[in-house]
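Here the structure comes first, spelled out in structure tokens, and everything after it is commentary.
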Amino acid sequence: MKLKHFSYTNMQSKALLLAVPLALMLCVLNACSDTVNAPSEVLNNDEQSSKKLSKQLNDHVELTDSKTDWSVVPLPDISRQPVQLSVASVVNSRFKQLTDSQIKQILLTSQLMVKKFFDIDIEFSETEVISIEETFNYLDPSVIAQRKSEIVDTDFIDAAAKSKAREEMQQALYATLSNYSGNEQSVINYAQPYLLNPDEKQKDFIGLSYALIDTLLERLNYWQLQKADDGKPVLNHNGYHQWVWWDSLGYSKMPYDVLITNQLVASAEYYAMDVHSSMRGGITAGTTTYSKYASLNSYVYIMVYPMLNDTTLLETLRGDESYSTEQIINYSAALLTHELGHMLLHLGHPFGNKACIMSPTVMLNYRDWVENLDAELCAVGSSQDMKPGAANLDYNRSW
Ligand SMILES: [Zn+2]
5 MKLKHFSYTN
15 MQSKALLLAV
25 PLALMLCVLN
35 ACSDTVNAPS
45 EVLNNDEQSS
55 KKLSKQLNDH
65 VELTDSKTDW
75 SVVPLPDISR
85 QPVQLSVASV
95 VNSRFKQLTD
105 SQIKQILLTS
115 QLMVKKFFDI
125 DIEFSETEVI
135 SIEETFNYLD
145 PSVIAQRKSE
155 IVDTDFIDAA
165 AKSKAREEMQ
175 QALYATLSNY
185 SGNEQSVINY
195 AQPYLLNPDE
205 KQKDFIGLSY
215 ALIDTLLERL
225 NYWQLQKADD
235 GKPVLNHNGY
245 HQWVWWDSLG
255 YSKMPYDVLI
265 TNQLVASAEY
275 YAMDVHSSMR
285 GGITAGTTTY
295 SKYASLNSYV
305 YIMVYPMLND
315 TTLLETLRGD
325 ESYSTEQIIN
335 YSAALLTHEL
345 GHMLLHLGHP
355 FGNKACIMSP
365 TVMLNYRDWV
375 ENLDAELCAV
385 GSSQDMKPGA
395 ANLDYNRSW
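Everything in the sequence shown is counted per our numbering, starting at 5 for the first residue and increasing by one.
Here it is in structure tokens:
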């Protein structure tokens with residue numbers, strides 16, 4: 005889960021109506037029969053018939069193996085504790101940075117929070133510092149080629165292009181919302197006050213998904229006009245702000261379990277759209293996703309750009325003009341702990357339950373989020389989304 009935090013498959017978003025039952029079938033089969041690092045060279049009968057079915061359903065679309073070869077990361081074995089996690093700080097020198105001392109305190113605080121909220125002992129390594137350039141050099145060129153079409157180019161050439169993109173994004177978001185179908189009203193209630201038109205009451209996930217896409221595009225547009233301290237645009241053509249690439253680092257030899265970055269991640273994609281990131285205008289403060297070489301087969305990033313920088317949109321999303329050092333540390337640690345709940349236990353998102361650290365931060369109001377957290381009122385196992393394995397972390401076995 006990209007839980008934008010979780011990763012949903014390209015196929016689910018691109019061929020949703022035709023392929024969702026097939027995708028679900030493949031995920032279930034693969035989760036039962038395969039380990040993460042074992043590429044399937046011999047398809048079982050069910051998978052073969054599924055592939056034939058997909059050919060029949062999509063005979064006008066050339067589906068290559070890589071587009072259908074999605075599987076689910078198994079729940080990690082964390083019986084040996086403390087669980088050791090390697091950490092790197094990914095620095096874009098153009099933006100404000102955490103100090104070494106702040107990073108140490110974030111990790112220490114998160115270690116305590118993981119114990120408190122999940123009853124798991126973890127230990128972080130010493131933090132390595134790597135540049136954003138080095139980090140993106142890890143990306144596999146073939147994965148870049150496979151995934152670059154997932155990025156929504158928001159410089160629409162005309163109204164027709166925007167309308168087409170909007171429809172495709174709505175399908176991707178609706179695919180994510182379908183995973184929350186047992187919790188529909190809570191999700192709508194969670195998002196409604198923060199939509200561009202909050203007075204237009206949404207009644208179902210179809211209406212909500214369109215409203216969220218319009219909100220996302222409008223708020224993402226804000227960043228196109230923003231300049232960083234160096235006078236250059238915050239977003240530029242190097243692609244460091246594109247969430248797709250943060251979601252793809254795990255298909256490379258990038259070895260870390262945890263990345264903490266000062267880079268802004270704000271973008272729009274044709275897959276893995278989610279409610280909370282759409283409300284914020286495509287800002288994805290953290291993600292847990294597949295990683296080939298990470299010890300638990302997933303890696304986490306959190307980004308602290310919204311903690312360190314004060315702009316009008318960030319002030320609105322946070323409800324605070326600026327953060328003290330103490331706030332930066334506590335909120336970053338809580339954000340990291342949320343992601344570690346996805347990584348260690350594959351927990352889901354209990355939207356609307358304010359006691360839960362696994363309930364995503366509303367907008368970027370970290371103060372309200374952290375002040376309401378209560379480990380006893382939202383213990384592991386206390387609801388469907390708080391059960392280990394509630395979320396699926398998908399990955400493509402061909403990449
Ligand atoms: Zn999450």
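For glycine and all other residues, C-beta sits at the position ideal for the given N, C-alpha and C.
All values derive from a computational prediction rather than experimental measurement.
- prompt: Does the separation of the CB atoms of Leu-263 and Val-94 fall below 7 Å?
  reply: Against a cut-off of 7 Å, the Cβ pair of Val-94 and Leu-263 comes out as a contact.
- prompt: Excluding five sequence neighbours on each side, which residues of the same chain lie with their C-beta closer than 7 Å to the C-beta of Gln-85?
  reply: Ile-124 and Asp-125, listed in sequence order.
message: Assuming the contact rule is C-beta atoms closer than 8 Å, Asn-96 and Ile-136 should be a hit. Round their C-beta distance to whole Å, please.
response: Correct: roughly 4 Å between the Cβ atoms.
- request: Name the two residues that bound the continuous alpha helix (DSSP H) containing Ser-129.
  value: In the DSSP assignment, Ser-129 falls outside any alpha helix (DSSP H) and within the unbroken beta strand (DSSP E) covering 126-135.
query: What beta strand (DSSP E) runs, 3 residues minimum, are completely inside the region 182-270?
result: Listed in chain order, the complete beta strand (DSSP E) runs (minimum 3 residues) inside the region 182-270 are 262-265.
message: Buried or exposed, going by whether 16 or more other CB atoms sit within 10 Å of the CB of Leu-30?
response: Here Leu-30 scores only 30 on pLDDT, less than 50, and its place in the model should not be relied on; the value that follows carries that caveat. Looking at its Cβ environment, which holds 16 or more other Cβ atoms inside 10 Å, Leu-30 is buried.
message: Out of Ser-153, Ala-394 and Ser-256, which one is the CA nearest neighbour of Glu-273?
response: The residue with the shortest Cα to Cα distance from Glu-273 is Ser-153.
- request: Would you kindly work out how many angstroms separate the C-alpha atoms of Val-77 and Met-347, rounded to a whole number?
  value: C-alpha separation (whole angstroms): 10 Å.
- prompt: To which residues of the same chain is Leu-220 closer than 7 Å at the C-beta, ignoring the five residues directly before and after it?
  reply: Counting only Cβ-Cβ distances below 7 Å, and skipping sequence neighbours, we find Ala-272, Ser-282, Gly-285 and Gly-286.
field: Exposure label - Val-133; buried when at least 16 CB within 10 Å
entry: When all chains shown are included, Val-133 counts as exposed.
Bridge partners - Glu-172, DSSP secondary structure assignment: Beta-bridge pairing links Glu-172 to no other residue.
field: Beta-bridge partners of Trp-74, as assigned by DSSP
entry: In DSSP, Trp-74 forms a bridge with Asn-400.
field: Which of helix, strand or coil DSSP assigns to Gln-88
entry: In the structure shown, Gln-88 falls within a strand segment according to DSSP collapsed to helix, strand and coil.
message: Applying the 10 Å Cβ sphere with the 16-neighbour rule, what's the burial state of Ser-54?
response: Any reading at Ser-54 must be qualified, since the residue scores a pLDDT of 37, below 50, and its modelled position is unreliable; the value itself is stated next. With 16 or more other Cβ atoms within 10 Å, it is buried.
query: Counting only runs that start and end within the region 313-400, where is the beta strand (DSSP E) found for 3 or more residues in a row?
result: If only complete runs of 3 or more residues are kept, the region 313-400 shows the beta strand (DSSP E) at 398-400, in order along the chain.
message: Looking at Ala-394: is its Cβ nearer than 7 Å to the Cβ of Leu-339?
response: In this structure, Leu-339 does not lie closer than 7 Å to Ala-394 by Cβ.
message: In whole angstroms, give me the CA-to-CA distance for Leu-229 and Glu-380.
response: Linking Leu-229 to Glu-380 through their CA atoms gives a straight-line distance of about 44 Å.
Chain C within 7 Å of Val-248, Cβ atoms only: Here chain C cannot be found, since the structure has a single protein chain.
Segment contact flag, the region 314-328 with the region 101-109, C-beta cutoff 8 Å, min 3 pairs: No: fewer than three Cβ pairs fall under 8 Å.
message: So, does the region 291-308 touch the region 160-178, judging by three or more C-beta pairs under 8 Å?
response: Taking a cut-off of 8 Å on C-beta distances, the region 291-308 does not touch the region 160-178, as fewer than three cross pairs fall below it.
- request: Would you give the residue range spanned by the beta strand (DSSP E) that Thr-292 belongs to?
  value: In the DSSP annotation of this structure, the continuous segment of the beta strand (DSSP E) that includes Thr-292 starts and ends at 290-294.
- request: Flag Tyr-309 as yes when its Cβ comes closer than 6 Å to any non-hydrogen atom of ligand 3, and as no otherwise.
  value: The model depicted lacks ligand 3 and carries ligand 1 instead.
task: Quick one: using the 10 Å Cβ neighbour count with 16 as the cut-off for buried, is Pro-80 buried or exposed?
output: Under this definition Pro-80 is a buried residue.
- prompt: Is Gly-254 closer than 7 Å to Thr-293 when the C-beta atoms are compared?
  reply: Their beta carbons are under 7 Å apart, which means Thr-293 touches Gly-254 by this criterion.
query: Since Ser-302 sits in a beta bridge, which residues does DSSP pair it with?
result: BP columns for Ser-302 point to Tyr-294.
task: May I have the straight-line CA-CA distance separating Leu-116 from Gln-267, to the nearest angstrom?
output: Rounded to the nearest whole angstrom, the C-alpha separation of Leu-116 and Gln-267 is 26 Å.
As assigned by DSSP and simplified to three states, the class of Val-279: The three-state reading of DSSP puts Val-279 in helix, counting H, G and I together.
- request: Give me the Cβ distance between Asp-144 and Arg-401, rounded to the nearest whole Å; I'm assuming they're in contact under 8 Å.
  value: No, Asp-144 and Arg-401 are not in contact; Cβ-Cβ is about 14 Å, not under 8 Å.
task: Round the Cβ separation of Thr-365 and Ala-276 to the nearest angstrom and send it over; I've been treating them as touching at under 8 Å.
output: Incorrect: roughly 18 Å between the Cβ atoms, too far for contact.
query: DSSP three-state call for Ile-148: helix, strand or coil?
result: Helix.
- prompt: Is the beta carbon of Val-279 sitting closer than 7 Å to the one on Ala-195?
  reply: With respect to Ala-195, Val-279 sits close: the two C-beta atoms are nearer than 7 Å.
query: Are the beta-carbon atoms belonging to Val-147 and Ser-295 less than 7 Å from one another?
result: Cβ distance not < 7 Å, so Val-147 and Ser-295 don't count as in contact.
Local conformation of Ile-3 per DSSP, three classes: Only positions 5 to 403 of the chain appear in this structure, which leaves residue 3 out of reach.
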